[in-house]
Amino acid sequence: MKSSHIAALALNVLVVIGTSFTSEPFDSREATIEGVHNALYSGITSCREVVSSFISRIEAFNPTANAIISLNPNALTIADEMDTQLSTGNATGSLFCIPVLLKDNYDTVDMNTTGGCLDLAGNKPTEDAPVVTAFKNAGAIILGKANLHELALEGLSVSSLGGQTINPYDHTRTPGGSSGGTGAAIATSFAVFGTGTDTVNSLRSPASANSLYSVRPTRGLISRAGIIPISYTQDAIGPIARNVKDLAVGLTVMTSVGYDANDNTTALIPASSVGVDYSKTMYGGSLKGMRFGLLQGFFNRTASNETTPVNQVMDNMISVLEAAGATVVSVNETVYNATAIATLDVQTSEYRQELDSYLEMYGSQGLTFNELYSSSKFLVIPSQYSYVNTALKSSTSNSSYPPTKLGIQNLTTILSSTFSSYSLDAIIYPEQKNLVVKIGSPSQSGRNGILAALTGSPVVTVPAGFSPSTEDAPIGVPIGMEILGKPWTESKLLNIAAHISDLTHIRRMPQFANGSVEVSSYEAIPTITPNKSNIPAAYPVGTL
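Next comes the structure, spelled out in structure tokens:
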């Protein structure tokens, strides 16, 4: 149905009911784009009530999850404007009145962009990142900013400005990262979906750890302009959602930016990937006859409480694929070793130049990379000291940089050869060899995201299962699977993910936030104060 027809239908409904909404409150738990629109266009709720419902959940559960850094002070005003549009039959856009959370390294004029860093707490963008503009043009309401691991440099999701975000399924564990604030927030239904960034693992790690779906797109598919960078080679951005369809709609809007002169990787987009509606291409076909390569080198086969649940969940997923008529082929080449591949990581050579360029072009604090890291207003965990100290003096002019880039090119060629020699439709493996780590751990160990990050390959992450329940994890700890494809095959990967989702129905809400909340009638957006007192003692702020 065309949006104009939907708007007309909404207007007719509102006229019939006298432009008043029913008294039944909108339930934001596990809310979908389609569910919000059905409630709006049938007159069951208003846009203000939709927004208020999510804010009420944030007020109720964020003190535990600590996932939100700030809320958009204009969110209710925008919702009221959308209610006016709805009442006059002018409600349009695939994301009309859909509350969306941004990782706090995305620029938007509505709020500061901090990267979770105290020294960037007042960084006020003067324009939206292109993908944020695309969200707004599609009718989305930017509800707020989510915490992240400081400047997106690790996967523990702790920052000097936002504190430690808590995994909603096991409060003793991290939520993955670096987009862990988004992961914990979307798992706890603080918005319909959210955004993340990914330099090595950071879209896929929080999706895996929070029973969510994410997509890391092919390098160049989505403009990264207006987003705090780390690596020109490895950075990617994308959506994180509770279901495949919302993920596909979010990706469709983000890719609508197309070519952007401020991110010349977008010049790589082929004509076949321009204007694709991923929410339509995800349907049809089946898994029957598909061939999946299973990377054996991306497993830890040593039995333990941290690794065995991952291996068991993956065994079950293989059984699901095979029962659906797919073939799973073991890939045993020694090159597929995440630890060895990580030696090709070029972040430290590119980080200083990338961040300095962002601060000069988009920042309002007048800082440079060196000034930021000499200010004592940052958090670098001890395991990152060497990384940042190297980045402080490294650049792409280092003699080691060209051969490392050549190594990345060779790895990309090998991966392409693997697809051809095994006649594969996709490659699968666990996002993390072990369960997401405990709070206070030195790093988010065991993750497998480096292969896609270096080769620029697209990956869709899907919920694969849960570990056995424990006292700390009442329904278990979520475990995710990565589905990696050839460049520009996002449609195919989302189609595979949709079939797997239909067969498994694994996604579950965290138990602590599964209850309904009383929706407040807000006159103004409440202030969110992150809990900075919960930063583990092992992570001293302002030390390098």
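Under mature numbering (1 follows the signal peptide of the UniProt record, and there is no 0), read the sequence shown as residues -22 to -1, 1 to 522, first letter to last. Backbone N, C-alpha and C fix where the C-beta goes; we use that ideal spot for every residue, glycine too.
* Roughly how far, in whole angstroms, is the beta-carbon of Phe397 from the beta-carbon of Pro146, given that I think they are within contact range, below 8 Å? -> Not quite, the Cβ-Cβ distance comes to about 36 Å (not below 8 Å), so this is no contact.
* Asked: Anyone know if the C-beta pair for Ser361 and Ser297 falls short of 8 Å?
  -> no
* Apply the 10 Å Cβ neighbour rule to His477 and answer buried if 16 or more other Cβ atoms are within range, or exposed otherwise. => buried
* Can you grab the Cα-Cα spacing for the pair Gly263 / Ile474, in whole Å? => 9 Å
* Quick one: measure Cβ to Cβ for Gly427 and Asn412, integer angstroms, because I've assumed they're closer than 8 Å. => Not quite, the Cβ-Cβ distance comes to about 14 Å (not below 8 Å), so this is no contact.
* Asked: For Gln410, which of helix, strand or coil comes out of DSSP?
  -> strand
* Asked: Is it true that the region 146 to 164 meets the region 173 to 188, where meeting means three or more beta-carbon pairs spaced less than 8 Å apart?
  -> yes
* Asked: Where in the region 19 to 104 do unbroken runs of the beta strand (DSSP E), each at least 3 residues long, occur, reported from the N-terminal end onward?
  -> 46 to 49, 77 to 81
* To do: Give the DSSP bridge partners of Gln142, in chain order.
  => Val136
* To do: Mind reading off the beta-carbon distance from Pro408 to Phe270? Whole number of angstroms is fine, and I expect it under 8 Å.
  => In fact, because the Cβ distance is near 13 Å, the residues do not count as touching under 8 Å.
* Alpha-carbon spacing of Val307 relative to Gly122, whole angstroms -> 43 Å
* **Spatial distance of Ser479 from Glu12 (CA atoms)** => 17 Å
* CA nearest to the CA of Thr196, picked from Met232, Gly117, Ala515 -> Met232
* So the alpha helix (DSSP H) Asp334 belongs to, where does it begin and stop? -> 325 to 339
* Touch test, the region 167 to 182 against the region 387 to 402, Cβ-Cβ under 8 Å, three pairs minimum -> no
* Closest by CA to Ser342, which one among Gly204, His149, Thr505? -> Gly204
* For Thr305, I'd like the list of residues in its chain whose CB is within less than 6 Å of its CB, leaving aside the five on either flank, ordered along the chain. => Arg269
* **Secondary structure of Thr(-1), DSSP reduced to three states** => In this predicted model, Thr(-1) has a pLDDT of only 43, less than 50, meaning its place in the structure is not dependable; the value taken from the coordinates is given anyway. Thr(-1): coil per DSSP, three-state reduction.
* Close beta carbons around Pro287, own chain, < 7 Å, minus the five adjacent residues each side -> Leu413, Ser445, Pro446, Ile457
* Close Cβ partners of Ser1 (< 7 Å) along its chain, the five nearest in sequence each way excluded -> Reliability of the predicted coordinates at Ser1 is poor, the pLDDT of 46 falling under 50, and no value is obtained from them.
* Asked: Within the chosen definition, does the region 122 to 133 reach the region 12 to 30 through at least 3 CB pairs nearer than 8 Å?
  -> no
* Asked: Among the residues of its own chain, which have a CB less than 7 Å from the CB of Ser373, if the five just before and after it don't count?
  -> Ser327, Arg330, Gln331
* Separation of Asn310 from Gly520, as counted between CA atoms -> 44 Å
* **CB of Ile513 within 8 Å of CB of Asn40, strictly** => no
* **Expected contact under 8 Å - CB spacing of Phe347 and Leu333 to nearest Å** => 5 Å
* Confirm, please, whether the CB-CB distance from Phe74 to Gly117 is below 8 Å. => yes
* Asked: So, do the region 453 to 472 and the region 249 to 258 have three or more beta carbon pairs nearer to each other than 8 Å?
  -> yes
* Going by alpha carbons, who is nearest to Asp61 out of Ile46, Leu246, Val29? -> Val29
* Please list, in chain order, all residues of the same chain as Lys383 whose beta carbon is under 8 Å from its beta carbon, the five residues on each side excluded. => Thr211, Val324
* For His15, count neighbouring Cβ atoms within 10 angstroms of its own Cβ and tell me buried if that reaches 16, exposed if not. => buried
* Asked: For Ile319, which of Ile392, Ile200, Pro504 has the nearest alpha-carbon?
  -> Ile392
* Which of helix, strand or coil does DSSP assign to Tyr379? -> helix
* Using DSSP with H/G/I as helix, E/B as strand and the rest coil, what is Asp293? -> helix
* Asked: Where does Thr505 sit, in a helix, a strand or coil, going by DSSP?
  -> coil
* Asked: In terms of DSSP beta bridges, what is Phe444 paired with?
  -> Pro456
* **Thr317 versus Leu432: straight-line alpha-carbon distance, rounded** => 13 Å
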